[in-house]
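A.B. asks:
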Amino acid sequence: MRRVALSQYLVEQARSGAAVTPELGLLIEVVARACRAISVTVGKGALADVLGGAGTENIQGEAQKKLDIISNEILIEANEWGGYLAAMVSEEMEKPHQIPNRYPRGKHLLLFDPLDGSSNIDVNIAVGTIFSVLRCPDGVGEPDERAFMQPGRCQVAAGFAIYGPSTLLVLTVGRGVAVFTLDKETGSFVLTTERVTIPEDTREFAINVSNMKWWEPPVKRYIDECLAGASGPRGKDFNMRWIASMVAEVYRILTRGGIFMYPRDARYTEGRLRLMYEANPMSFIVEQAGGAATNGRTRILDISPTALHQRVGVILGSKNEVDRVTGYFAR
Ligand code: AFP
Numbered sequence: 244m245r246r247v248a249l250s251q252y253l254v255e256q257a258r259s260g261a262a263v264t265p266e267l268g269l270l271i272e273v274v275a276r277a278c279r280a281i282s283v284t285v286g287k288g289a290l291a292d293v294l295g296g297a298g299t300e301n302i303q304g305e306a307q308k309k310l311d312i313i314s315n316e317i318l319i320e321a322n323e324w325g326g327y328l329a330a331m332v333s334e335e336m337e338k339p340h341q342i343p344n345r346y347p348r349g350k351h352l353l354l355f356d357p358l359d360g361s362s363n364i365d366v367n368i369a370v371g372t373i374f375s376v377l378r379c380p381d382g383v384g385e386p387d388e389r390a391f392m393q394p395g396r397c398q399v400a401a402g403f404a405i406y407g408p409s410t411l412l413v414l415t416v417g418r419g420v421a422v423f424t425l426d427k428e429t430g431s432f433v434l435t436t437e438r439v440t441i442p443e444d445t446r447e448f449a450i451n452v453s454n455m456k457w458w459e460p461p462v463k464r465y466i467d468e469c470l471a472g473a474s475g476p477r478g479k480d481f482n483m484r485w486i487a488s489m490v491a492e493v494y495r496i497l498t499r500g501g502i503f504m505y506p507r508d509a510r511y512t513e514g515r516l517r518l519m520y521e522a523n524p525m526s527f528i529v530e531q532a533g534g535a536a537t538n539g540r541t542r543i544l545d546i547s548p549t550a551l552h553q554r555v556g557v558i559l560g561s562k563n564e565v566d567r568v569t570g571y572f573a574r
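Residue numbers for the sequence shown, in the working numbering: 244 to 574.
Laid out in structure tokens, this is it:
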């Protein structure tokens, strides 16, 4: 494969008709550079005293890891000056972060989970950064929460970085999904998969089975049938994975198919994952790669948000499996 760096990919996407304006292209490149900086910091681990809890809680009432805060600061500082953003939203901050008056404002809204899977940090399991880009409504000078209340189908770009054995950037600007691998010697993200396609069928499901007692009947039915295997109604055996880092689960599904499920249940009555900066970007990516993403009843990208940090049930991955589960909900 010819060696194409992220910046060349973005220019070529724009030339071939993608809605990648110079402003959006710069935004994506800056976010990628911020992810590179996060990758370096995550990689230092105990050597840089960045592991463990920060002793604080985020808006979700969840204990923050030191790296949650560091990653959030890296993304905020990297994106304030560029003149392409009207405001930012982060899992780690209650309100939208306004662009300081000393910098120009732009037309985009950036949302992110700065470090997804951070409960895995201290046990050295892959974590990542998830981001979503919306357009700021015209005429909005200082965007408050209302400016962000757009369904996921309005996203103009989405992506995630995964800090694993290699650092990867998965990106869509609405014309398929590409994967870039960080060349740690040159510091650039190099195109390594030009167009990702998720197999429509799978034999692999990902769900936290310890939540079984709280599941709704359609979820219980689907998993029971997978576990029944070849002698059951599915007529084939299934494998299970659960990493507790959504970025790692989604990347595995992008590479070999599968279904990821974190449905709403009797405990997480709204769902556990956040709509705006986890479910929406991941659903945009999965659909762009030929997969499907619903909350069991509704296409995730069609959900009209009502709050920045609202949660949602998530069932995404290989289209035929997601359709099957959604069908069970419809009965
Ligand atoms: P943390 O960022 O708090 O570790 O949560 C990660 C996550 O949002 C998502 O990445 C995982 O798929 C899911 O939560 C894991 O949830 P459980 O810990 O309940 O299995």
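Every residue, glycine too, gets a C-beta built ideally from N, C-alpha and C.
Over the uninterrupted beta strand (DSSP E) stretch that includes residue 376, give me the two end residues.
C.D. replies: Start at 1 with the first residue of the sequence shown, and residue 376 comes out as number 133. Unbroken beta strand (DSSP E) run through residue 376: 370–378.
A.B. asks: Please say whether residue 360 and residue 376 have beta carbons closer to each other than 8 Å?
C.D. replies: Numbered from its first residue, the sequence shown carries residue 376 at position 133. Numbered from its first residue, the sequence shown carries residue 360 at position 117. No; because the gap between Cβ atoms is not below 8 Å, this pair is not in contact.
A.B. asks: Which complete alpha helix (DSSP H) runs does the stretch 388–433 hold, if anything under 4 residues is left out?
C.D. replies: Fully enclosed alpha helix (DSSP H) runs of 4 or longer: 388–391.
A.B. asks: Ignoring anything shorter than 4 residues, give me the alpha helix (DSSP H) runs that lie fully in the stretch 252–290, in order along the chain.
C.D. replies: Runs of the alpha helix (DSSP H) inside the stretch 252–290: 265–287.
A.B. asks: Whether or not the stretch 504–518 and the stretch 450–463 are in contact is what I'm after, with contact meaning three or more pairs of Cβ atoms, one per stretch, closer than 8 Å; do they touch?
C.D. replies: Flag = yes, the stretch 450–463 and the stretch 504–518 touch.
A.B. asks: Run through the stretch 441–484 for me and flag every whole alpha helix (DSSP H) of 4 or more residues, listed as ranges in chain order.
C.D. replies: Correct list: 460–471.
A.B. asks: Looking at the ligand GTP, does it come within less than 7 Å of residue 333, judged from the CB to the closest heavy atom?
C.D. replies: This structure lacks the ligand GTP; the ligands present are the ligand AFP.
A.B. asks: Is the number of C-beta pairs between the stretch 298–315 and the stretch 332–347 that are closer than 8 Å three or more?
C.D. replies: Yes, the stretch 298–315 touches the stretch 332–347.
A.B. asks: Hey, how far is the Cα of residue 320 from the Cα of residue 278?
C.D. replies: For the purposes of this step, residue 320 is taken as the residue at position 77 of the sequence shown. For the purposes of this step, residue 278 is taken as the residue at position 35 of the sequence shown. Computed Cα separation, rounded: 12 Å.
A.B. asks: What is the residue span of the beta strand (DSSP E) that residue 573 lies within?
C.D. replies: Locating residue 573 in the sequence shown gives position 330, where the first residue counts as 1. Where residue 573 is concerned, there is no enclosing beta strand (DSSP E), although the alpha helix (DSSP H) it sits in stretches over 562–573.
A.B. asks: For the alpha helix (DSSP H) containing residue 314, list its first residue and its last residue.
C.D. replies: Position 71 of the sequence shown, counted from the first residue, corresponds to residue 314. Per DSSP, residue 314 belongs to the alpha helix (DSSP H) from 309–323.
A.B. asks: From the DSSP output, read off the bridge partner residues of residue 331.
C.D. replies: Against the sequence shown, residue 331 aligns to sequence position 88. DSSP output for residue 331 lists 340, 353 as bridge partner(s).
A.B. asks: Using beta-carbon positions only, say whether residue 306 and residue 412 come within less than 8 Å of one another.
C.D. replies: Taking the sequence shown and counting its residues from 1, one reaches residue 306 at position 63. Taking the sequence shown and counting its residues from 1, one reaches residue 412 at position 169. No.
A.B. asks: Residue 382 to residue 264, Cα distance in whole Å?
C.D. replies: Residue 382 sits at position 139 when you count from the first residue of the sequence shown. Residue 264 sits at position 21 when you count from the first residue of the sequence shown. C-alpha separation (whole angstroms): 19 Å.
A.B. asks: Could you name the residues of the same chain whose beta carbon sits closer than 6 Å to that of residue 301, not counting the 5 residues immediately before and after it, in chain order?
C.D. replies: The residue labelled residue 301 in the question sits at position 58 within the sequence shown. So the list reads 307, 335, once near-sequence residues are dropped.
A.B. asks: Under a three-way DSSP split, which group does residue 522 fall into?
C.D. replies: For this step, residue 522 is matched to residue 279 along the sequence shown. In this structure, residue 522 counts as helix in the three-state DSSP scheme.
A.B. asks: Could you give the residue range of the alpha helix (DSSP H) that holds residue 491?
C.D. replies: Your numbering for residue 491 matches position 248 in the sequence shown. Element bounds for residue 491: 489–499.
A.B. asks: I need the straight-line Cα distance from residue 443 to residue 256, nearest angstrom please.
C.D. replies: For the purposes of this step, residue 443 is taken as residue 200 along the sequence shown, with counting starting at 1. For the purposes of this step, residue 256 is taken as residue 13 along the sequence shown, with counting starting at 1. Each residue's Cα considered, the two are about 26 Å apart.
A.B. asks: By the 10 Å Cβ neighbour count, where 16 or more other Cβ atoms means buried, how is residue 252 classified, buried or exposed?
C.D. replies: To locate residue 252, count along the sequence shown from 1; it is residue 9. Label assigned to residue 252: buried.
A.B. asks: Is the beta carbon of residue 410 closer than 8 Å to that of residue 425?
C.D. replies: Residue numbering aside, residue 425 sits at position 182 when the sequence shown is read from its first letter. Residue numbering aside, residue 410 sits at position 167 when the sequence shown is read from its first letter. Yes, these two residues count as a Cβ contact at 8 Å.
A.B. asks: Between residue 407 and the ligand AFP, is the CB less than 7 Å from at least one heavy atom?
C.D. replies: Here residue 407 refers to the residue found at position 164 when the sequence shown is read from its first residue. Every heavy atom of the ligand AFP is 7 Å or more from the Cβ of residue 407, so no.
A.B. asks: Between the stretch 551–570 and the stretch 524–536, do three or more beta carbon pairs fall short of 8 Å?
C.D. replies: Taking 8 Å as the limit for Cβ pairs, the verdict is that the stretch 524–536 does touch the stretch 551–570.
A.B. asks: Beta carbon of residue 515: closer than 7 Å to some heavy atom of the ligand AFP?
C.D. replies: Looking up residue 515 in the sequence shown gives position 272. Yes, the beta carbon of residue 515 sits closer than 7 Å to at least one heavy atom of the ligand AFP.
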